[in-house]
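Engineer: Structure below; questions to follow.
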Amino acid sequence: MRKISWITAFVLLLALLAVPKLLPLLHAQGKGGESNAASAGQDGGGKSREGKSGKGEGRPLKVSTLKLQPTRFTETLSSTGTLIAEEAVELQAETSGKVVRINFAEGTPVRKGALLLKLNDAELQATRERARQRLVLAQSREQRVAPLVDRGLVSPEEYDNVRAEVAVQKAEIDLAEAQIARTEIRAPFDGVVGLRYVSEGSYVNAATRVATLQRLDKLKIDFSVPEQYASRIRSGAAVQFSVAGTPGRHQGRIYAVDPRIDAATRTVLIRAVCANPKGQLLPGAFASVELVLDEIGDALLVPAAAVIPGLEKKNVYVLGHQGKAERRAVDTGTRTATQVLILSGLNAGDTVITSGLQQLKDGQAVSTDEGGGKRARHAAGATAPTPSAP
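Here the sequence shown stands for residues 1 to 390, where the numbers follow full-length UniProt numbering.
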């Protein structure tokens with residue numbers, strides 16, 4: 001009992017000593033709470049004041065507008081292609097042999113049928129001459145035997161053998177001449193011969209590349225368009241194209257459309273033809289092609305920034321009744337760098353809102369910025385840039 005009483009007395013003594021030190025701390029915390037409460041009250045008052053001032057959200061939002069007017073619009077499609085010679089061939093020999101004569105200069109025009117290269121044919125010439133001499137002998141024998149048949153001195157069978165020999169020798173001559181022709185390379189059409197890859201004395205075979213021959217007065221342009229445009233391409237349609245290093249734009253015309261779609265690229269191959277009388281365009285050149293798809297006389301165009309993508313449809317804000325914004329769902333067509341063709345959803349005379357779209361809501365009051373509207377109308381009146389194929 002004495003021990004417990006002693007401990008109790010010691011604890012009470014410590015408590016009495018600590019009280020004077022704790023009182024100032026408790027007093028300071030009390031003041032801090034009042035200060036925080038006052039501060040919170042001030043913040044609440046501020047918010048209240050802001051709430052009162054928040055009534056300003058009802059003020060009209062200043063926007064720029066564009067009044068739609070029908071305009072002429074040419075819908076075009078851009079693509080890239082390659083120039084190809086109207087006719088082109090790799091010149092190669094039909095047989096093996098040594099080159100004995102080259103009759104062309106590199107990079108010069110040649111006419112159809114011109115002899116370009118000759119292989120050694122001495123053996124074939126001898127074979128033909130032998131057949132000719134045998135033919136002369138056979139024909140002479142036929143002339144001697146023919147009268148004897150009527151007199152019964154020569155049997156019909158023997159006469160048939162003589163006539164057959166004449167025919168055989170004629171065939172031998174034809175064979176030798178055909179073999180001699182295979183030792184010659186002649187131009188299959190009018191064109192320009194390219195660089196040669198053999199010299200006189202070279203031994204060539206059927207796989208040896210001698211030179212190229214290309215017809216350059218006309219050129220083909222091969223280019224592809226996405227599959228969604230395939231049904232709108234027609235033979236005879238005009239195309240324009242430009243080639244780096246040549247001035248201006250060139251005219252061509254579609255003459256063939258590949259009847260299938262490439263499964264790998266989902267495109268269809270188009271081939272056009274163009275005149276090249278001066279030969280300034282060369283096969284293999286890269287061409288930037290423009291193709292007219294449609295011409296619309298009363299198109300409605302809006303700035304691209306005014307069209308808002310949606311989950312199902314695209315939307316445009318127009319200036320409605322009592323100066324309020326009205327959201328319209330639209331169907332769009334060709335898109336250029338700055339404009340979009342409207343297919344449905346808007347009418348001529350509608351006033352399209354072109355700025356402030358991020359803050360705009362359906363039914364919100366707006367005020368028009370006349371300066372911005374004028375600028376938008378000026379931009380809409382400009383010639384629409386050419387769109388590119390997707």
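Note that beta-carbon positions come from the ideal geometry of N, C-alpha and C, so glycine has one too.
Is it buried or exposed, residue 223, if we count other Cβ atoms within 10 angstroms and call 16 or more buried?
Structural biologist: buried
Engineer: How many angstroms separate the CA atom of residue 325 from the CA atom of residue 64?
Structural biologist: Here the C-alpha atom of residue 325 lies approximately 12 Å from the C-alpha atom of residue 64.
Engineer: Assign residue 301 to buried or exposed, taking buried as 16 or more other Cβ atoms, counted over all protein chains shown, within 10 Å of its Cβ.
Structural biologist: buried
Engineer: Output needed for residue 249: all residues of its chain with C-beta closer than 6 Å, excluding positions within five of it in sequence on either side, in chain order.
Structural biologist: 240 and 242.
Engineer: Within the region 268-328, note down every full beta strand (DSSP E) run reaching 3 residues or more, in order along the chain.
Structural biologist: The qualifying runs are 286-303 and 314-319.
Engineer: Look up residue 168 in the DSSP assignment and say whether it is helix, strand or coil.
Structural biologist: helix
Engineer: Using the Cβ count rule (16 or more neighbours within 10 Å means buried), how would you classify residue 121?
Structural biologist: buried
Engineer: Using a Cβ-Cβ cut-off of 7 Å (strictly less than) and excluding sequence neighbours within five positions of residue 176, which residues of its own chain qualify?
Structural biologist: 124, 127, 128 and 131
Engineer: Between the alpha carbons of residue 258 and residue 213, how many angstroms are there, rounded?
Structural biologist: 26 Å
Engineer: What number of angstroms, rounded off, separates the C-alpha of residue 149 from the C-alpha of residue 139?
Structural biologist: 16 Å
Engineer: Under 8 Å by Cβ, that's how I've got residue 186 and residue 116 pegged, so tell me the actual separation to the nearest angstrom.
Structural biologist: At roughly 6 Å, the Cβ-Cβ gap stays under 8 Å, so residue 186 and residue 116 are in contact.
Engineer: Determine the burial state of residue 220: buried for a count of at least 16 other Cβ atoms within 10 Å of its Cβ, exposed for fewer.
Structural biologist: Buried.
Engineer: Could you give the C-beta distance for residue 77 and residue 229, rounded to a whole number, given that I count them as a contact under 8 Å?
Structural biologist: 6 Å
Engineer: Whose CA, out of 184, 282, 339 and 319, lies closest to the CA of residue 84?
Structural biologist: Checking every option, the nearest Cα to that of residue 84 belongs to 282.
Engineer: Once the 5 residues before and after residue 169 are set aside, which same chain residues still bring their CB inside 7 Å of it?
Structural biologist: 131, 134, 135 and 138
Engineer: Quick check: is the beta carbon of residue 82 nearer than 8 Å to any beta carbon in chain C?
Structural biologist: Checking the listed chains, one finds no chain C in this structure; it contains a single protein chain.
Engineer: Distance, Cα to Cα, residue 188 vs residue 297?
Structural biologist: Looking at the backbone, the Cα of residue 188 and that of residue 297 are separated by about 50 Å.
Engineer: What residues in its chain sit with their C-beta under 7 Å from that of residue 48, if we drop five residues either side in the sequence?
Structural biologist: Legend: pLDDT at residue 48 = 40, less than 50; position of this residue unreliable, value from coordinates given subsequently. Here the set comprises nothing.
Engineer: Short check: CB of residue 68 to CB of residue 284, under 8 Å?
Structural biologist: no
Engineer: Who are the near neighbours of residue 93 in its chain, counting only those whose CB is closer than 8 Å to its CB and skipping five residues on each side?
Structural biologist: 117, 119, 182, 183, 185, 204, 205, 206, 208 and 210
Engineer: Determine the burial state of residue 28: buried for a count of at least 16 other Cβ atoms within 10 Å of its Cβ, exposed for fewer.
Structural biologist: Residue confidence is low: residue 28 scores 49 on pLDDT, short of 50, so the model does not pin down where it sits. Its coordinate-derived value is still stated next. By the 10 Å Cβ count, residue 28 comes out exposed.
Engineer: Which residue's Cα is closest to the Cα of residue 72: 341, 273 and 165?
Structural biologist: Relative to residue 72, the option among 341, 273 and 165 whose CA is nearest is 341.
Engineer: Opposite residue 368 in the DSSP bridges: which residues?
Structural biologist: 63
Engineer: Thinking C-beta only, is residue 366 closer than 8 Å to residue 60?
Structural biologist: Result yes, Cβ atoms of residue 60 and residue 366 sit closer than 8 Å.
Engineer: Where are the beta strand (DSSP E) runs, 3 residues long or more, that stay fully inside the region 209-240, in chain order?
Structural biologist: 211-226
Engineer: Residues in its own chain within less than 8 Å of residue 110 by CB, not counting five upstream and five downstream?
Structural biologist: Answer for residue 110: 104, 116, 187, 190, 191, 192, 193 and 213, listed in chain order.
Engineer: Determine the extent of the beta strand (DSSP E) in which residue 256 is found, giving its start and end residues.
Structural biologist: From DSSP, the beta strand (DSSP E) with residue 256 extends over 250-257.
Engineer: By the DSSP assignment, the beta strand (DSSP E) with residue 143 in it spans what residues?
Structural biologist: Taken as a continuous stretch (DSSP letters only), residue 143 belongs to no beta strand (DSSP E), being part of the alpha helix (DSSP H) at 122-150.
Engineer: Classify residue 155: buried if its beta carbon has 16 or more other beta carbons within 10 angstroms, exposed otherwise.
Structural biologist: exposed
Engineer: Compute the Euclidean distance between the alpha carbons of residue 152 and residue 171, then round it to the nearest angstrom.
Structural biologist: Computed Cα separation, rounded: 30 Å.
Engineer: Could you tell me which of 264, 368, 238 and 345 sits nearest to residue 353, measuring between CA atoms?
Structural biologist: When only C-alpha atoms are compared, the closest one is 368.
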